[in-house]
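Protein chains in written order, with my numbering: chain A, 214 to 326; chain B, 10 to 423.
For reference, the structure is listed below as structure tokens.
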């Protein structure tokens with residue numbers, strides 16, 4: 214079994230009025246239960262927006278603190294789920310369900326250890 | 010003696026072309042690692058080159074290669090495990106036991122065909138399309154990295170890097186080595202078909218000869234399509250794809266002059282079409298019709314079969330071709346299909362009817378759009394408009410042979 218990180222990429226700013234947050238929360242909750250029942254769920258979390266991030270960079274003597282996020286852009290990591298799966302196809306199936314539930318793009322990436 | 014060894018080298022090469030993919034596929038299943046599998050099969054072919062001149066070609070060469078590759082794999086793992094890693098030692102012990110147990114049956118028939126799994130690994134949608142193409146040609150076709158790089162006009166080092174990265178992704182992300190489940194199979198087969206069709210089209214587009222070695226891609230695509238068809242014989246779209254390739258390939262020697270110039274279908278010397286390929290392609294199309302589960306490849310094959318059935322260009326059954334395009338356009342409503350349909354409509358209802366369909370298509374960046382417009386305008390006697398359209402076609406085409414062809418058409422328009 215391999216662990217996979219399913220990253221949820223979210224546009225910055227408040228969600229547009231067309232987004233039904235209540236329904237998304239319900240769908241994501243149901244998916245979490247499904248993952249747990251299947252023994253695939255390891256850990257998950259939702260993040261505050263990217264404006265709340267702080268970046269630390271190691272320098273010669275000191276570690277420099279700056280306002281984040283690390284990568285400037287219009288979309289940032291908004292949350293993630295870690296699943297364990299026998300292979301990529303199984304992980305992609307969870308990713309597909311997460312994309313439908315969140316209505317957002319999902320990146321699937323294997324853990325090295 | 011020298012003659013005999015040349016014969017043996019040719020025999021090794023024949024076995025390589027026919028069996029490399031199968032041997033790699035079996036070894037990937039045994040060791041779970043593409044690099045190790047490739048190295049072991051490579052070792053086995055080197056051993057064949059050394060031994061077959063003395064012993065003669067064995068009665069079951071594919072089985073010999075696979076058995077030898079298995080032993081080479083065990084040797085490799087044993088050498089590496091004597092240096093380090095205990096778990097690798099355990100691994101080769103397990104493999105050695107499996108190998109000894111299987112030694113009695115050296116015939117290739119005794120090995121399950123693993124190539125289908127390997128095809129689905131190579132054409133996995135998690136890999137970039139150009140990587141799928143390269144992996145398929147390298148692992149299943151046995152083409153060298155240099156040959157693939159030459160065919161796709163990328164530096165060999167770039168392609169080697171791309172292949173290495175892809176194999177790492179297969180390993181690290183655990184892209185599975187198996188035939189997909191039934192519910193996923195149609196979508197995954199479509200991805201495999203797309204790869205083979207892309208290989209074929211690359212070869213076809215380059216068949217005008219300005220790029221050496223690229224028309225081998227057509228031969229390779231047909232070989233792989235035949236293999237896929239033998240592995241999933243009941244899939245109508247795979248059959249349609251093979252038929253389409255065979256029917257297009259049958260016109261290869263007629264579609265280019267000795268100087269490398271393109272010849273339009275209507276102007277081709279039909280005596281130079283390959284009757285064996287046509288017969289095979291048409292038989293497959295008949296099977297598709299009998300199955301009655303039409304799909305885009307099958308309909309394109311049927312359109313080509315109608316062309317192949319016409320003794321002369323004037324005998325072409327354009328009404329049937331228009332009907333087939335109507336069907337194809339319903340399944341795949343793309344502007345390119347609409348353009349091809351318009352060409353057929355012009356043959357049935359006249360150039361003006363065709364032009365009405367062509368004009369609104371959003372294909373300004375596609376040279377054939379302008380070339381078709383130019384031809385229809387010429388037939389309507391609108392010479393100046395036709396000349397402008399030929400200019401536009403020449404401006405957007407990237408292929409030398411196409412450009413030469415369009416220049417000649419432009420000059421001949423009167």
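For each residue, glycine too, the CB sits at the ideal point set by N, CA and C.
Treat the numbers as computed from the prediction; the structure is a model and nothing was measured.
Rounded C-beta distance between residue i and residue j? I'm assuming under 8 Å.
i, j, result
"residue 71 of chain B", "residue 28 of chain B", "4 Å"
"residue 263 of chain B", "residue 281 of chain B", "4 Å"
"residue 219 of chain A", "residue 321 of chain A", "6 Å"
"residue 67 of chain B", "residue 301 of chain A", "Contact doesn't hold; Cβ gap of about 38 Å is too wide."
"residue 135 of chain B", "residue 175 of chain B", "Actually they are not in contact, since the Cβ atoms of residue 135 of chain B and residue 175 of chain B sit about 10 Å apart, beyond 8 Å."
"residue 78 of chain B", "residue 36 of chain B", "6 Å"
"residue 257 of chain A", "residue 245 of chain A", "7 Å"
Relative to the C-alpha of residue i, which residue among the options is closest?
i, options, result
"residue 32 of chain B", "B/80, B/64 and B/200", "B/80"
"residue 334 of chain B", "B/313, B/36, B/360 and B/258", "B/313"
"residue 129 of chain B", "B/187, B/89 and B/142", "B/187"
"residue 221 of chain A", "A/304, A/296, A/291 and A/302", "A/291"
"residue 199 of chain A", "A/229, A/236, A/231 and A/241", "Past the boundaries of the shown model lies residue 199 of chain A; chain A is included only from 214 to 326, so the question cannot be answered."
"residue 225 of chain B", "B/237, B/211 and B/331", "B/211"
"residue 214 of chain B", "B/257, B/350, B/62 and B/278", "B/257"
"residue 55 of chain B", "B/39, B/394, B/20 and B/336", "B/20"
"residue 260 of chain B", "B/332, B/279 and B/320", "B/279"
"residue 277 of chain B", "B/295, B/139, B/320 and B/421", "B/320"
"residue 83 of chain B", "B/69, B/162, B/39 and B/237", "B/39"
"residue 395 of chain B", "B/407, B/419 and B/413", "B/419"
"residue 390 of chain B", "B/370, B/359 and B/189", "B/359"
"residue 318 of chain B", "B/412, B/24, B/288 and B/268", "B/288"
"residue 260 of chain A", "A/229, A/316 and A/282", "A/282"
"residue 303 of chain A", "B/168, B/22 and B/193", "B/193"
To the nearest angstrom, how far is the alpha carbon of residue i from that of residue j?
i, j, result
"residue 234 of chain A", "residue 287 of chain A", "20 Å"
"residue 283 of chain B", "residue 231 of chain B", "15 Å"
"residue 17 of chain B", "residue 318 of chain A", "56 Å"
"residue 76 of chain B", "residue 325 of chain A", "34 Å"
"residue 309 of chain A", "residue 133 of chain B", "16 Å"
"residue 355 of chain B", "residue 345 of chain B", "16 Å"
"residue 147 of chain B", "residue 271 of chain B", "30 Å"
"residue 205 of chain B", "residue 253 of chain B", "12 Å"
"residue 227 of chain B", "residue 255 of chain B", "9 Å"
"residue 314 of chain A", "residue 248 of chain A", "13 Å"
"residue 410 of chain B", "residue 404 of chain B", "13 Å"
"residue 306 of chain A", "residue 392 of chain B", "58 Å"
"residue 298 of chain B", "residue 265 of chain B", "31 Å"
"residue 166 of chain B", "residue 177 of chain B", "16 Å"
"residue 341 of chain B", "residue 305 of chain B", "7 Å"
"residue 323 of chain A", "residue 217 of chain A", "4 Å"
"residue 343 of chain B", "residue 63 of chain B", "59 Å"
"residue 300 of chain B", "residue 368 of chain B", "37 Å"
"residue 30 of chain B", "residue 151 of chain B", "6 Å"
"residue 276 of chain A", "residue 265 of chain A", "19 Å"
"residue 425 of chain B", "residue 51 of chain B", "Here chain B covers residues 10 to 423 and nothing more, so residue 425 of chain B does not appear."
"residue 162 of chain B", "residue 69 of chain B", "38 Å"
"residue 61 of chain B", "residue 26 of chain B", "17 Å"
"residue 231 of chain A", "residue 289 of chain A", "20 Å"
"residue 351 of chain B", "residue 408 of chain B", "24 Å"
For residue i, which residues in chain E fall below 7 Å Cβ to Cβ?
i, result
"residue 183 of chain B", "Structure shown: chain E not included; protein chains present are A and B."
Using a threshold of 8 Å, state whether the C-beta atoms of residue i and residue j are closer than that.
i, j, result
"residue 488 of chain B", "residue 307 of chain B", "What is shown of chain B runs 10 to 423, which leaves residue 488 of chain B out entirely."
"residue 215 of chain A", "residue 312 of chain A", "no"
"residue 144 of chain B", "residue 124 of chain B", "no"
"residue 324 of chain B", "residue 274 of chain B", "no"
"residue 180 of chain B", "residue 42 of chain B", "yes"
"residue 7 of chain B", "residue 286 of chain B", "Because chain B spans 10 through 423 in this model, residue 7 of chain B falls outside it and cannot be assessed."
"residue 328 of chain B", "residue 357 of chain B", "yes"
"residue 262 of chain A", "residue 225 of chain A", "yes"
"residue 290 of chain B", "residue 311 of chain B", "no"
"residue 45 of chain B", "residue 85 of chain B", "yes"
"residue 208 of chain B", "residue 229 of chain B", "yes"
"residue 34 of chain B", "residue 127 of chain B", "yes"
"residue 415 of chain B", "residue 399 of chain B", "yes"
"residue 251 of chain B", "residue 293 of chain B", "yes"
"residue 379 of chain B", "residue 401 of chain B", "yes"
"residue 74 of chain B", "residue 49 of chain B", "no"
"residue 296 of chain A", "residue 243 of chain A", "no"
"residue 372 of chain B", "residue 348 of chain B", "yes"
(message) Within 8 Å, do at least three Cβ pairs link the segment 380-390 of chain B to the segment 346-365 of chain B?
(response) yes
(message) I want to know whether the segment 265-283 of chain A touches the segment 148-156 of chain B - three or more CB-CB distances under 8 Å.
(response) Counting Cβ pairs under 8 Å, fewer than three are found: no touch.
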